[in-house]
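Single-structure report; data block below.
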Amino acid sequence: MTTCHTYAVPIAKPPLSPLEHAVMSILWRRGSATAGDVLDELSRPLANATVRTLLRRLETKGYVRHTVRARSFVYAPKIAETAAASGAVRRLVQRFFGGSTSKLVAGLMDEGLIDPRDLRALSRRLSRVRKRRADD
8 MTTCHTYAVP
18 IAKPPLSPLE
28 HAVMSILWRR
38 GSATAGDVLD
48 ELSRPLANAT
58 VRTLLRRLET
68 KGYVRHTVRA
78 RSFVYAPKIA
88 ETAAASGAVR
98 RLVQRFFGGS
108 TSKLVAGLMD
118 EGLIDPRDLR
128 ALSRRLSRVR
138 KRRADD
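Numbering (the working numbering), first residue to last: 8 to 143.
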């Protein structure tokens, strides 16, 4: 199977449904796949036509592209998983925290969802970034 990666940072990509995310997870892991390959790996039974529809929808949304090989469509991710995750977090921060990442982190701290060691590591990283910017 040939693999070609052309990842870019998404610009306001529409969000992924849970099923679309499951399909993307397969493509990110494999690098490329046909509808039949995706169907074989999905954890829930779907019709082949449904998987092909999902892949076309993902292509329309800008998450995947396809090539034709031996009369089969082979789908591959157009964006990296981390870029898609960043877009999802960006939407979450905008929707629930008015665009404030500080409010997000404060909420995670208040709910006990961030380990204090992680906070210290983030603080050290922030200090390094500030120092680097000051040196520039």
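All C-beta atoms, glycine included, are put in the ideal place defined by N, C-alpha and C.
Status (buried if at least 16 other CB within 10 Å, exposed otherwise) for residue i
{"i": "residue 50", "result": "exposed"}
{"i": "residue 16", "result": "For residue 16, the predicted structure reports a pLDDT of 39, less than 50, and the residue's modelled location is therefore unreliable. A value from the coordinates is still provided. Classification of residue 16: exposed, given that the 10 Å Cβ count is below 16."}
{"i": "residue 11", "result": "Below a pLDDT of 50, predicted positions are generally treated as unreliable, and residue 11, at 40, falls in that range; the measurement from the model is reported next regardless. It is exposed - the Cβ of residue 11 has fewer than 16 other Cβ atoms within 10 Å."}
{"i": "residue 129", "result": "exposed"}
{"i": "residue 58", "result": "buried"}
Spatial distance of residue i from residue j (CA atoms)
{"i": "residue 131", "j": "residue 141", "result": "15 Å"}
{"i": "residue 38", "j": "residue 143", "result": "38 Å"}
{"i": "residue 90", "j": "residue 78", "result": "31 Å"}
{"i": "residue 66", "j": "residue 81", "result": "12 Å"}
{"i": "residue 52", "j": "residue 85", "result": "26 Å"}
Among the options, the one whose alpha carbon lies nearest that of residue i
{"i": "residue 111", "options": "123, 122, 125 and 96", "result": "96"}
{"i": "residue 60", "options": "30, 78, 136 and 75", "result": "30"}
{"i": "residue 71", "options": "102, 121, 23 and 127", "result": "23"}
Paired residues, beta bridge with residue i - DSSP
{"i": "residue 71", "result": "84"}
Enumerate, from N- to C-terminal direction, the unbroken beta strand (DSSP E) stretches of 3 or more residues contained entirely within the segment 73-117.
79-84
Write down every uninterrupted run of the alpha helix (DSSP H) in the segment 26-51 whose length is 4 residues or greater and which is fully enclosed by it, in chain order.
42-48
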